[in-house]
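Chemist: Sharing a structure here in structure tokens format.
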Amino acid sequence: MPPTKRLQTRALQLNVEALFKLLGGTPDERLRFWEILKGVTTPAVFRVANQQIKTMEVLVNQVQANAANLKQAAKGNG
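Position in the sequence shown (from 1) plus 135 gives the number in our numbering.
Set out below in structure tokens:
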């Protein structure tokens, strides 16, 4: 699995775990809640997490480009 997919999966797992802790209740109530969550919330959470990861990728690419520019500038001044 690519790293992006692992991050997205882990973020969703943490969200679900936190919601279950807040929910409490019986196993049947948690199962019903999970079915509702899967059908309504998960796609929205997935889209938000996916957008955040894409933004992070852009920022990392910018940092890498800046580091390469700094390295090249340092070689020119050395």
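Think of the CB as a built atom: it goes at the ideal place given N, C-alpha and C, for glycine as much as any other residue.
Should residue 158 and residue 168 be called a contact, given that it needs their Cβ atoms to be closer than 7 Å?
Modeler: What you label residue 158 is simply residue 23 of the sequence shown in a count that begins at 1. What you label residue 168 is simply residue 33 of the sequence shown in a count that begins at 1. Yes, Cβ-Cβ distance for residue 158 and residue 168 is below 7 Å.
Chemist: Would residue 184 and residue 153 qualify as a contact pair, given that the criterion is a beta-carbon distance under 7 Å?
Modeler: The residue labelled residue 184 in the question sits at position 49 within the sequence shown. The residue labelled residue 153 in the question sits at position 18 within the sequence shown. No. Outside cutoff.
Chemist: Inspect the beta-carbon positions of residue 180 and residue 150 and report whether they are closer than 7 Å.
Modeler: The sequence position of residue 180 within the sequence shown is 45, counting from 1. The sequence position of residue 150 within the sequence shown is 15, counting from 1. In this structure, residue 150 lies closer than 7 Å to residue 180 by Cβ.
Chemist: Using the three-state DSSP reduction, which class does residue 211 fall into: helix, strand or coil?
Modeler: Here residue 211 refers to the residue found at position 76 of the sequence shown. Here residue 211 sits in helix by DSSP.
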